[in-house]
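Numbering (the numbering used here), first residue to last: 6 to 170.
Built from N, CA and C at the ideal position, the CB exists for glycine as well.
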Amino acid sequence: EDPVPLDWRSVATPADQERLSRQEEAWRQGLDSARRFRSAIAAEGAVLDPATALPRAAPSPGPYLCRVIKLGGRPAFAAFKAFNCFVEAEGALLTMVKADGTQRPAGRLWPDGDTRMIFLGALSFGKDPPPPYGEDAARDVAGVLERVEPFRWRLSVPFPQGAQE
């Protein structure tokens, strides 16, 4: 097996590089479209504050409880129940996998400065494992992982390909 490149830019598809470059725009549009849910957004605190990104973004390997919150689209705001996910060390990189649910992203995390990591992965459906990133553009997932509080992270996926739960 070929070694995994240590720079996410050499792995990310051009379409995902473009989506990631528009992260600020995605936050602005998502928060604007969900403005009638102001109190729910405020209740999420740092998780939905696009300006929050603390140093040392890499999570420790282990199990986590993760939630999905959608901004923009239809509906303009939706928060889902927690699910199991985990982070593992794989060589010089970390991997992150959503273990439950009908749509389960799995992929690698690349360092990108001190306050963020880039997630590149793919969705699996049902019992099928996800395809390798870049093999099926409709199932690719690209996002930015940031630490927003001690022991709390968020993975934001700007302009996702399809509905992600």
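- In this structure, the beta-carbon distance from L25 to V146 does not fall below 9 Å.
- Across the structure, G131 and Q166 are spaced so that their CA atoms are roughly 18 Å apart.
- Of the candidates S15, V52 and D21, V52 places its Cα closest to the Cα of W32.
- Using a 10 angstroms sphere on the CB of S44, the tally of other CB atoms stays under 16, which defines it as exposed.
- For L70, the uninterrupted beta strand (DSSP E) segment begins and ends at G67 to C71.
- If you ignore the 5 residues before and after R121, its C-beta comes within less than 8 Å of the C-beta of A58, A62, V149, L150 and E151, all in its own chain and listed in chain order.
- Here R40 carries a helix assignment [DSSP, helix/strand/coil].
- DSSP places D145 in the strand class (E or B) of the three-state scheme.
- Non-local C-beta neighbours of L99 in its own chain, meaning closer than 6 Å and more than five positions away in sequence, comprise V92 and L114, ordered along the chain.
- Annotation for Q166: no beta strand (DSSP E) segment contains it, and DSSP assigns it neither H nor E.
- Collapsing the DSSP output to three states places L11 in coil.
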